[in-house]
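Residue numbers (the numbering used here), protein chains in the order written: chain A, -8 to 356; chain B, -8 to 356.
See structure below.
Protein chains: 2
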Amino acid sequence: MTISFARGAPSADLLPIEELADCARVALERDGKTVLAYGSGGGYGPLRDWLAERHGVEPERVLITNGSLQAFVFLVEHLSAADGPARILVEAPTYDRPLKVLARLGAEIVTIPLDDDGLDLDALEHELRTGPRPALLYTIPTFQNPSGRTLGGERRRRLAELAGEYELLVLEDDPYGLVRFEGEGEPTIFELEGGRRVAFSSSFSKTVAPGVRVGYVVLPTSLAQAITELAVSTYISPVLPTQAAVWEFIRRGSFEPNLSRVCGLLRERRDAMLAGLDRDFPPGTMWSRPQGGYFVWVDLPDGTDAAGLCERAAEAGVSFVKGADFFPDGSGGSSARLAYSAEPPARIDEGLARLASLLPEPARA
Amino acid sequence: MTISFARGAPSADLLPIEELADCARVALERDGKTVLAYGSGGGYGPLRDWLAERHGVEPERVLITNGSLQAFVFLVEHLSAADGPARILVEAPTYDRPLKVLARLGAEIVTIPLDDDGLDLDALEHELRTGPRPALLYTIPTFQNPSGRTLGGERRRRLAELAGEYELLVLEDDPYGLVRFEGEGEPTIFELEGGRRVAFSSSFSKTVAPGVRVGYVVLPTSLAQAITELAVSTYISPVLPTQAAVWEFIRRGSFEPNLSRVCGLLRERRDAMLAGLDRDFPPGTMWSRPQGGYFVWVDLPDGTDAAGLCERAAEAGVSFVKGADFFPDGSGGSSARLAYSAEPPARIDEGLARLASLLPEPARA
């Protein structure tokens, strides 16, 4: 079977299947009258309250959606409906699914580069000072998809300030923040800025299970009602039974122990991936060294064609995503996103050895 | 507590809560590796296969969504993206939520009137012959929301022919078709036409429970791939655990017995509503007599202001939806939609007596 470094998805052993089965049963028995009926468009009350308390906001500002991508879609639909096609700033590289949503919705996509310390704030400020006013900055500051990079503390504070100074709406997408193996987390931009112009989205996909499709966004007060109405007008209510199952999982105290277990397994995989890159890949290869999350970003030696490598790798039974998929303009031609979330360490070793053997001769050590 | 004739929602005693709790547990234990991971964008495989067989199509033509309203949104988004704002034909009156979606997406809404036998096909053909080409006809031919009316067999055959003759894409929305208390059902337009230009949507909201949010659409071959991709680009995969729970409910043979039980309870409610209207409402009131579904449509005596009645009813502890909400142009000012799904017979009696007492004097018997 193909060794997959392609999808940012957990392997089955990361999923607390038996316990979620029991949580679903208990949640439906206890609260079936609510969660099996048409319900609140904003999400399951107890989970919404818990999230609101965790983020220090009123529950009305929390919108729980069928996965956090749907929340992103609602936000951009709302911004586009208000003022026509929206000008949206994104990181380069960034998560490919939002790029596709933006293209579909006709948004004008403006890229801001990343470096090892995350988003380049000088470039951002230059754009804010000189360009037309953007509707939104979409950023993944922690263990970024696809780069694995994390925005430094100093930059976080400056980004919070820029949001105020330029009246910039920011969506801080943070699905990986809790999936930390080591080191201390910096405050979120949402916390630093106070949530006035910074929205915060996350999900339970990486901390509980992606299949529950429970994501959420904490919205600025001025946007919360309109975007919740947009959600209701799209699906009446989100799927409450899985939200109630996640809430039961939290309520019985399983969230933190499960997260520790998941982080332990992912840390071994990250370690295997970093060691394999170091062992098998030629000089001139550069890669990120994330303290958490799912991804390592690899810059292959100059001139390596990542798309060609991707094709040869598929034949050799290894998959990954070529870097160009994460740039709206197709740059990143010598880069690759490698996910270590889906495979155990031994298969990561094997997959990297195969990949390295496929590199063009001039690039090999 | 307010007696609700407002929402097309089942009361809690119509929901098989205990059994769905067990189905959710069994489904997650058996197939958690699949349904708790990111999964198929088209829906849970076994349920998709079952629906495909039931409708005589390939599984690729079935898209299971988080409620059928989301499927409607996808279809209209797709039609709008292809050719700009779409011209959409709807019944007058029609379900209010799609009207709101169409308004939000900037569609041009064209109404075709209904009579007691359902959609007026002479009016439809006139529009098709003389108007600009529409992107879609949206119709609810059986136990229509809001009117409770059902399209007759002769008209169904003619509508199927018109779809071919005018190359008209039709969405036949059929959430209530299985919720029949008496009489024989006519074939669906989808069946009569062969599913070439007629898409068919339905859901498990009225046959199992709305909170599972499991709806689906059977798409023409030419649209299936693009609309499934639109679904994936919006939410990666739908919420599979509740789809798997519904499948387990079907697999163990609970679907038909539960539906019989639900239809029995609803029939008593419909009977109570028709009897109450006959007993309490003044001459000059007209109402539909549905053989199934959730709704009775009431045309109040000429000149009665349904909006005003709605306000007075709220003060008297009775809710319903005024007719104007189901017309894009605000007509239907003397009409009301009364849902009998949410209240037991005794409360239906009481609610109708209160409503009748609020009618303006000249309109009372």
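Here a beta-carbon is modelled for each residue, glycine too, at the ideal position from N, C-alpha and C.
Being a predicted model, the structure only gives us computed values, none of them experimental.
Item: Cβ-Cβ distance between B:ILE100 and B:ILE79 below 8 Å; Value: yes
Item: Under 8 Å by beta carbon: chain A residues contacting B:ILE8; Value: LEU19, GLU20, GLY23, LYS24, LEU27
Item: Chain-ordered residues of the stretch 37 to 63 of chain A with a beta carbon less than 9 Å from chain B; Value: THR56, ASN57, GLY58, LEU60, GLN61
Item: Option nearest A:GLY267 by Cα separation, candidates A:LEU343, A:ARG328, A:GLU239, A:VAL53; Value: A:LEU343
Item: Contact with chain A by B:GLY30, beta-carbon distance below 8 Å; Value: yes
Item: Proximal residues, the stretch 190 to 206 of chain B versus chain A, C-beta separation under 7 Å; Value: ALA200, PRO201, GLY202, VAL203, ARG204
Item: Other residues of its chain near A:LEU265: CB distance less than 8 Å, five sequence neighbours each side excluded; Value: TRP278, ARG280, VAL287
Item: Length of the line joining the Cα atoms of B:ILE(-6) and B:ARG120; Value: 46 Å
Item: DSSP bridge partner residues for A:ILE55 (one or two, in chain order); Value: A:TYR207
Item: Minimum Cβ-Cβ distance from B:VAL161 to chain A less than 8 Å; Value: no
Item: A:LEU156 versus A:ALA98 - alpha carbon distance; Value: Note on residue identity: the sequence assigns Glu, not Leu, to residue 156 of chain A. Those two C-alpha atoms are separated by around 24 Å.
Item: The stretch 60 to 91 of chain A: positions lying closer than 8 Å to chain B by Cβ; Value: LEU60, GLN61, VAL64, ALA72, ARG88, LYS91
Item: 4 or more residues per run - each alpha helix (DSSP H) lying fully within the stretch 246 to 307 of chain B; Value: 246 to 271, 297 to 306
Item: Selected residue, minimal CA-CA separation from B:ARG45, among B:THR179, B:ASP108, B:ASP320; Value: B:THR179
Item: Buried versus exposed, by CB contacts within 10 Å (16 or more), B:GLN216; Value: exposed
Item: Close Cβ partners of B:GLY30 (< 6 Å) along its chain, the five nearest in sequence each way excluded; Value: SER228, LEU231
Item: Cross-chain neighbours of B:THR233 in chain A, by beta carbon under 8 Å; Value: VAL230, PRO232, THR233
Item: Chain A contact for B:TYR366 (CB, 8 Å cutoff); Value: Outside the shown range of chain B (-8 to 356) lies residue 366 of chain B, about which nothing can therefore be said.
Item: For A:THR25 and B:VAL53, the rounded distance between their alpha carbons; Value: 29 Å
Item: Reduced DSSP secondary structure (H/G/I, E/B, other) of A:THR219; Value: helix
Item: Interface partners of B:LEU11 on chain A, CB under 9 Å; Value: LEU19, GLY23, LEU27, PRO232
Item: Under 8 Å between C-beta atoms of A:ARG39 and A:GLY33; Value: yes
Item: Neighbour flag for A:ARG242 against chain B, beta carbons, 8 Å; Value: no
Item: N-terminal and C-terminal residue of the alpha helix (DSSP H) that B:ASP108 is part of; Value: Taken as a continuous stretch (DSSP letters only), B:ASP108 belongs to no alpha helix (DSSP H), as it is neither H nor E.
Item: Cβ-based burial, A:SER325 [other Cβ within 10 Å; buried from 16]; Value: buried
Item: Residue environment, A:ARG243, which counts as buried when at least 16 other CB atoms sit within 10 Å; Value: exposed
Item: Member of A:ALA333, A:ARG88, A:GLY294 whose CA lies at the smallest distance from the CA of A:VAL253; Value: A:ALA333
Item: Proximity of B:ALA190 and B:VAL203 at Cβ, strictly below 8 Å; Value: no
Item: Residues that DSSP places opposite A:LYS313 in a beta bridge; Value: A:ALA327
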